[in-house]
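Colleague: Structure incoming, see below.
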Amino acid sequence: MLSYQHVYHAGNFADVHKHLTLMLLLEHMHSKPGSFSFYDSHAGRGYYDLASPEAQKTREHETGITAVDEPEKPKTAAARYVKLVEDFRDKHGETAYPGSPAIAQQFMRHGDRMFLTELHPGEFQHLLDNLSHYKTIEMRKSDGLEFVARLTKPHHLRGIVLIDPSYELKTEYRDVARTMMRALNNWSSAIYAVWYPILTDDRHKQMVRSLLTLGGSTAFETRLMAPEDIVGHGMKGSGLIVFNAPEGFAETLRSAMIEMKDLMFSPGAGDHTIVEGQPL
Ligand SMILES: C[S@@+](CC[C@H](N)C(=O)[O-])C[C@H]1O[C@@H](n2cnc3c(N)ncnc32)[C@H](O)[C@@H]1O
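Okay, so the sequence shown: first residue is 436 according to the numbering used here, each after it adds one.
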């Protein structure tokens with residue numbers, strides 16, 4: 436029985452971290468002529484209304500996207516993420532917040548494809564309502580990890596796979612590691628980004644070790660720690676393991692995340708770290 440609904444958490448600091456990382460990966464795909472595919476294993480409802488009763492109940496976005504000041508003198512890609520959210524709001528209303536499928540949609544060109552899986556029946560219905568008019572998107576109400584484990588290289592060879600579970604079950608950490616093992620066997624050249632929460636009990640650590648070992652020098656961890664005063668709901672930070680990122684990507688992300696955390700938290704608060712995988 437699935438109970439997690441992302442609308443309670445949409446736009447929090449972890450979403451900003453994940454979505455800025457995703458935007459940078461999509462920009463890379465978009466900058467090259469060949470078509471690409473984007474896969475989102477746990478799609479959610481596509482986009483969210485931060486004025487909804489659910490989002491207002493937790494108000495997590497208030498220490499995330501809502502706290503982000505516009506950079507006065509943009510230094511990094513963080514400004515492009517702020518602009519992406521603003522442009523989305525121009526079209527969908529001033530309290531709208533784009534989730535990963537809506538962000539990816541901004542980068543789709545003729546020939547690019549998007550595949551979304553979402554298991555929660557209510558969330559899947561919202562996803563259909565929000566995005567089914569885009570003909571480049573294929574949506575399935577099915578298990579995201581199963582879908583990713585069975586992916587094979589598509590006819591256009593470039594792809595991004597976002598794995599963004601809700602981690603409602605402790606077994607998901609183990610399942611994600613197993614899924615990545617199968618996925619890298621089937622399609623070794625795709626870019627994979629695996630998100631996880633950093634909770635106070637550090638239950639992510641075993642999975643992170645396994646993923647960095649699996650990826651070796653093709654993988655790195657990006658880790659955002661929140662300042663202590665905004666650690667809520669047991670989540671003290673947000674992490675992603677990225678596999679097969681383009682050259683120089685970790686450095687670009689590092690400077691963007693340092694600027695973004697200063698815009699979102701107060702200057703100098705919180706922490707962002709990159710941990711490189713080791714050669715196998
Ligand atoms: C963290 S949210 C996704 C947020 C979305 N990727 C974004 O960034 O906008 C996780 C989603 O996974 C869905 N979910 C949970 N278990 C799933 C499964 N086994 N397969 C696919 N979706 C699942 C939940 O219903 C929830 O909507």
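The beta carbon of each residue, even a glycine, is placed where N, CA and C say it ideally should be. If you're wondering where the values come from, they're calculated on a predicted model, not measured in any experiment.
With hydrogens ignored, establish whether the beta-carbon of Tyr-608 is closer than 7 Å to any heavy atom of ligand 1.
Modeller: No, ligand 1 has no heavy atom inside 7 Å of this Cβ.
Colleague: Ends of the alpha helix (DSSP H) at Thr-511?
Modeller: That residue, Thr-511, is in no alpha helix (DSSP H); it is neither H nor E in DSSP.
Colleague: How about Lys-453: is its Cβ closer than 7 Å to a heavy atom in ligand 1?
Modeller: The answer is yes for Lys-453.
Colleague: So that I know if they touch, is there some Cβ in chain D lying closer than 8 Å to that of Asp-599?
Modeller: Among the chains of the structure shown, chain D does not appear; only one protein chain is present.
Colleague: Where does the unbroken alpha helix (DSSP H) through Pro-488 begin, and where does it stop?
Modeller: Unbroken alpha helix (DSSP H) run through Pro-488: 488-493.
Colleague: Reducing DSSP to helix, strand and coil, say where Glu-573 ends up.
Modeller: Strand, per DSSP.
Colleague: By Cβ distance, which residues of its chain are closer than 7 Å to Tyr-569, with the 5 residues on each side in sequence left out?
Modeller: Excluding positions up to five away in sequence, the list reads Gln-540.
Colleague: What do you reckon, are the CB atoms on Lys-453 and Asp-599 nearer than 8 Å?
Modeller: Closer than 8 Å, so yes.
Colleague: Going by beta carbon distance, what residues of the same chain come within less than 8 Å of Gly-446, once the five residues before and after it are set aside?
Modeller: The answer, listed in chain order, is Tyr-483, Leu-485, Ala-490, Glu-495, His-496, Gly-499, Ile-500, Thr-501, Tyr-532.
Colleague: Ignoring anything shorter than 3 residues, give me the beta strand (DSSP E) runs that lie fully in the stretch 626-698, in order along the chain.
Modeller: Entirely contained in the stretch 626-698, the beta strand (DSSP E) runs reaching 3 residues are, in chain order, 626-634, 654-660, 670-678.
Colleague: In three-state terms, what does DSSP make of Asp-504?
Modeller: Of the three classes helix, strand and coil, the one that applies to Asp-504 here is coil, per DSSP.
Colleague: Under 8 Å: do the stretch 586-603 and the stretch 457-472 share three or more Cβ pairs, one atom per stretch?
Modeller: Yes, the stretch 586-603 touches the stretch 457-472.
Colleague: Among Ile-665, Thr-708, Met-464, which has the Cα closest to the Cα of Met-699?
Modeller: The shortest Cα separation from Met-699 among Ile-665, Thr-708, Met-464 belongs to Ile-665.
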